[in-house]
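Just so you know, we're using my numbering here: the sequence shown kicks off at 506 and counts up by one.
Notes to accompany the following structure.
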Amino acid sequence: MDRPFPKTDAPISPRQQQFLLAHRRHHHMVSLTRLLLLLLFLGIWELAARMDWIDTFFFSSPSGILQYLYQLLIDYSIFQHIGITLFETVLSFLLVTVSSLALATLLWYHNSLSEILEPYLVILNALPKSALAPLLIVWLGTGTDTIIVAGISVAVFGSIISLYTGFCQADPETLKLIYTLGGTRRDALCKVILPSSVPLILSNMKVNIGLSLVGVIIGEFLAARRGLGYLIIYGSQVFQLNMVITSILILCGIAMIFYRLIQSAEHYYRKKY
Numbered sequence: 506m507d508r509p510f511p512k513t514d515a516p517i518s519p520r521q522q523q524f525l526l527a528h529r530r531h532h533h534m535v536s537l538t539r540l541l542l543l544l545l546f547l548g549i550w551e552l553a554a555r556m557d558w559i560d561t562f563f564f565s566s567p568s569g570i571l572q573y574l575y576q577l578l579i580d581y582s583i584f585q586h587i588g589i590t591l592f593e594t595v596l597s598f599l600l601v602t603v604s605s606l607a608l609a610t611l612l613w614y615h616n617s618l619s620e621i622l623e624p625y626l627v628i629l630n631a632l633p634k635s636a637l638a639p640l641l642i643v644w645l646g647t648g649t650d651t652i653i654v655a656g657i658s659v660a661v662f663g664s665i666i667s668l669y670t671g672f673c674q675a676d677p678e679t680l681k682l683i684y685t686l687g688g689t690r691r692d693a694l695c696k697v698i699l700p701s702s703v704p705l706i707l708s709n710m711k712v713n714i715g716l717s718l719v720g721v722i723i724g725e726f727l728a729a730r731r732g733l734g735y736l737i738i739y740g741s742q743v744f745q746l747n748m749v750i751t752s753i754l755i756l757c758g759i760a761m762i763f764y765r766l767i768q769s770a771e772h773y774y775r776k777k778y
């Protein structure tokens, strides 16, 4: 993509330096506030447990969770469960991204096909995906395939609708110019629709990674003997709340890492283009 204003080596003015400094201070303040809120929450939780304001059998405590996590790290069992959940989530996410982009492109390319399929996509997106889980177990059995399909089913329909809607909202004047100059619908797709939709695709990926993780956990609740979802459902059945809360916190960390990675790619694209 050609840059309308090429980079120069002009020095930064004092006003620009002040703006950049204020921008950095704002981000540092936000990060520090987030950390303080987290520490405050953990401190109140630990205090409530030690003062017997809450029953640690049901609510656990930060110190109890750390002790349980240490035990899992010693016998290395937690790494197997994390690895399985990560593999299933990443594979589901990649399949959702590729398939939704391909199907949204196909729907934009063929208007008649989109008119036929759009109501079905809306219905499937609105359907509670947990209702499909028993059918997936019957069709695919209890295994990794079922969990991956569950992860895909949660995210794929909404992703297709979102991408297709974004494609249809491309600049009509630019499309008209492409067609006026003799371009085909393929030229419009490659030169206008897809390049202008990169921010939308990246934003859609940030949503999809969370939904894929949710779908994988739903699948592990019902059809797994390993993974963080299995630990959560097993821990709740035997009243091991440390196991449940530790698994949930690990899932939060995984979701945050995935989100940050895609957000970094989005920031890189915005700075470059």
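Just so it is clear, CB atoms sit at the ideal spot from N, CA and C, and this is done for glycine as well.
Relative to the alpha-carbon of THR717, which residue among LEU591, HIS528, ARG520 and LEU577 has its alpha-carbon at the smallest distance? On the sequence shown, residue 717 is found 212 positions in, with the first residue counted as 1. For clarity, residue 717 is Ser in the given sequence; the question names Thr instead. Of the candidates LEU591, HIS528, ARG520 and LEU577, the one whose C-alpha sits nearest the C-alpha of SER717 is LEU591.
*When ILE698, LEU727 and SER658 are compared against ALA675, the one with the closest alpha-carbon*: Taking the first residue of the sequence shown as 1, we reach residue 675 at position 170. Selected option, being the one with the closest Cα: ILE698.
Measure the C-alpha to C-alpha separation of LEU542 and LEU733 and round it to an integer number of angstroms. Locating residue 542 in the sequence shown gives position 37, where the first residue counts as 1. Locating residue 733 in the sequence shown gives position 228, where the first residue counts as 1. Going from the Cα of LEU542 to the Cα of LEU733 covers about 26 Å.
Exercise for the section: Excluding the 5 residues preceding and the 5 following THR651 in the sequence, name in chain order all residues of the same chain whose CB lies nearer than 7 Å to its CB. Expected result: Within the sequence shown, numbered from 1, the residue matching residue 651 stands at position 146. These residues qualify, in order along the chain: LEU641, ILE642, LEU645, GLY724 and ALA728.
From SER536, PHE662, GLY656 and LEU618, residue whose alpha carbon lies closest to that of VAL627: The residue you call residue 627 lines up with position 122 of the sequence shown. Nearest of SER536, PHE662, GLY656 and LEU618 to VAL627, Cα basis: PHE662.
message: Determine whether the beta carbon atoms of TYR774 and LEU694 lie at a separation below 9 Å.
response: Along the sequence shown, read from residue 1 onward, the residue named residue 774 stands at position 269. Along the sequence shown, read from residue 1 onward, the residue named residue 694 stands at position 189. No, they are not a contact pair.
Report task. Could you say if the region 732-749 and the region 564-576 meet the contact criterion of at least three C-beta pairs nearer than 8 Å? Result -> yes
Rounded separation between THR610 and PHE672 - CA only
Looking up residue 610 in the sequence shown gives position 105. Looking up residue 672 in the sequence shown gives position 167. Their Cα atoms are separated by approximately 8 Å.
Cβ neighbours of LEU577 in the same chain (closer than 6 Å, five flanking residues each side left out):
For this step, residue 577 is matched to residue 72 along the sequence shown. Here the set comprises ILE583.
Taking C-alpha atoms, which residue in LYS634, PRO704 and ILE517 lies nearest to LEU668?
In the sequence shown, residue 668 corresponds to position 163, counting from 1. Cα-wise, what sits closest to LEU668 is PRO704.
- Task: Go through its chain and collect everything with a Cβ distance to GLY715's Cβ below 8 Å, but skip five positions before and after it.
- Result: For the purposes of this step, residue 715 is taken as residue 210 along the sequence shown, with counting starting at 1. Hits under 8 Å: ALA760, PHE763 and TYR764.
(message) Please give the ranges of any alpha helix (DSSP H) in the region 617-681, keeping only runs that are unbroken, at least 4 residues long and fully inside the region.
(response) 638-645 and 649-673
**Request:** From the DSSP output, in three-state form, read off ALA527 for me.
**Result:** Within the sequence shown, the letter at position 22 stands for residue 527. Residue state, collapsed to three classes: helix.
Original post:
Given that a residue counts as buried once 16 or more other Cβ atoms are within 10 Å of its Cβ, and exposed if not, what is ASN713?
Top reply: The residue labelled residue 713 in the question sits at position 208 within the sequence shown. It counts as buried.
- Query: Per DSSP, what kind of secondary structure is LEU607 in: helix, strand or coil?
  - Reply: In the sequence shown, the residue the question calls residue 607 occupies position 102. The displayed chain sequence assigns Ala, not Leu, to residue 607. Residue state, collapsed to three classes: helix.
Can you check whether the CB of SER597 is closer than 9 Å to the CB of GLY648? For the purposes of this step, residue 648 is identified with residue 143 of the sequence shown, where counting begins at 1. For the purposes of this step, residue 597 is identified with residue 92 of the sequence shown, where counting begins at 1. Taking 9 Å as the Cβ cut-off, GLY648 and SER597 do not qualify as a contacting pair.
field: Neighbourhood of PRO567 by C-beta distance below 7 Å, restricted to the same chain and skipping five residues each side
entry: Translated into the one-based positions of the sequence shown, residue 567 becomes position 62. Excluding residues within five positions, the ones whose Cβ falls inside 7 Å are LEU547, TRP550 and GLU551.
Q.
Could you give the first and the last residue of the continuous alpha helix (DSSP H) run that contains MET556?
A. Within the sequence shown, numbered from 1, the residue matching residue 556 stands at position 51. Element bounds for MET556: n/a, residue is neither H nor E.
key: Same chain only: Cβ atoms within 8 Å of ILE755, ignoring 5 sequence neighbours per side   = By one-based count along the sequence shown, residue 755 stands at place 250. So the qualifying residues of the chain are ILE583, ILE587 and LEU733.
Do you know how far the Cα of HIS532 is from the Cα of SER619?
For this step, residue 619 is matched to residue 114 along the sequence shown. For this step, residue 532 is matched to residue 27 along the sequence shown. If I take the Cα positions, the gap works out to 43 Å.
Using DSSP with H/G/I as helix, E/B as strand and the rest coil, what is GLN522? The count along the sequence shown starts at 1 and reaches residue 522 at position 17. GLN522 falls in the helix class under three-state DSSP.
**Asked** Counting only runs that start and end within the region 701-731, where is the beta strand (DSSP E) found for 3 or more residues in a row?
**Response** none
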